[in-house]
Amino acid sequence: PGTGRASEIGEGAGRGATWNLPVPAGATGDHYRRSLEELVAPAVEAHGTTWLLVSAGFDAHRDDPLTELGLTSGDYADIVADLLTLVAPGRRVVFLEGGYDLEAIARSTAATVSALYGERLHPEAPTSGGPGDDVVERVTATRDRVASLGS
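Quick note on our numbering: the sequence shown kicks off at 517 and runs consecutively.
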């Protein structure tokens with residue numbers, strides 16, 4: 517609690533190596549996919565990342581009782597499929613974390629595993645239209661400002 521703001525980008529020699537992507541209440545899959553496309557993928561490429569470790573927690577599912585986020589199992593399938601494109605096959609590890617709605621966990625796990633095998637199982641349609649574009653824009657602006665200071 518109290519950490520993870522978009523403005524927290526690391527300190528000292530590590531300044532610019534940390535990027536927090538705050539997720540507003542009600543965020544849907546399009547926010548996550550845009551964050552991956554515009555922020556995560558360029559960072560992975562810039563840093564020459566060779567391994568992908570995914571902590572697959574499903575508490576961002578819209579049926580989870582503890583969060584106010586709006587993802588579906590279809591969003592998880594699409595997000596995992598997008599992540600898999602970032603590194604070579606054989607260099608991906610996915611850890612099942614959890615969530616608090618057992619049916620949502622089951623659907624999301626099935627969708628995630630299907631994406632690992634190159635399929636797109638969508639027990640529920642992917643979502644869009646939620647908030648979060650302003651967060652992506654703020655983080656992008658901060659990243660660009662820090663990059664220009666280092667040049």
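All C-beta atoms in this analysis are idealised placements derived from N, C-alpha and C, irrespective of residue type, glycine included.
My guess is that residue i and residue j are in contact by the Cβ rule of under 8 Å, so how many angstroms apart are they, rounded?
| i | j | result |
| --- | --- | --- |
| residue 643 | residue 573 | Incorrect: roughly 17 Å between the Cβ atoms, too far for contact. |
| residue 534 | residue 526 | 4 Å |
For residue i, which residues of its own chain have a beta-carbon under 6 Å away from its beta-carbon, when the five flanking residues on both sides are left out?
| i | result |
| --- | --- |
| residue 560 | 602 |
| residue 545 | 587, 591, 642 and 643 |
| residue 628 | 572, 592 and 596 |
| residue 589 | 623, 624, 627, 639 and 640 |
| residue 663 | none |
Is residue i near residue j, with beta carbons less than 8 Å apart?
| i | j | result |
| --- | --- | --- |
| residue 580 | residue 615 | yes |
| residue 655 | residue 540 | no |
| residue 538 | residue 557 | no |
| residue 613 | residue 551 | no |
| residue 566 | residue 607 | yes |
So what's residue i in DSSP terms, helix, strand or just coil?
| i | result |
| --- | --- |
| residue 623 | helix |
| residue 600 | helix |
| residue 568 | strand |
| residue 561 | helix |
| residue 668 | The chain is shown from 517 up to 667; residue 668 falls before or after that span and cannot be answered. |
| residue 635 | coil |
| residue 584 | coil |
| residue 555 | helix |
| residue 653 | helix |
How many Å lie between residue i and residue j at the Cα?
| i | j | result |
| --- | --- | --- |
| residue 524 | residue 532 | 9 Å |
| residue 647 | residue 605 | 33 Å |
| residue 611 | residue 600 | 14 Å |
| residue 578 | residue 595 | 15 Å |
| residue 630 | residue 555 | 25 Å |
| residue 569 | residue 665 | 30 Å |
| residue 619 | residue 528 | 44 Å |
Report all residues from its chain with a CB closer than 7 Å to the CB of residue i; omit the five preceding and five following residues, and keep chain order.
| i | result |
| --- | --- |
| residue 543 | 585, 586, 646, 647 and 648 |
| residue 536 | 520, 521, 522 and 524 |
| residue 661 | none |
Is residue i near the ligand SAM, judged by its Cβ being under 7 Å from some heavy atom?
| i | result |
| --- | --- |
| residue 573 | No copy of the ligand SAM occurs in the structure displayed, which carries no ligand at all. |
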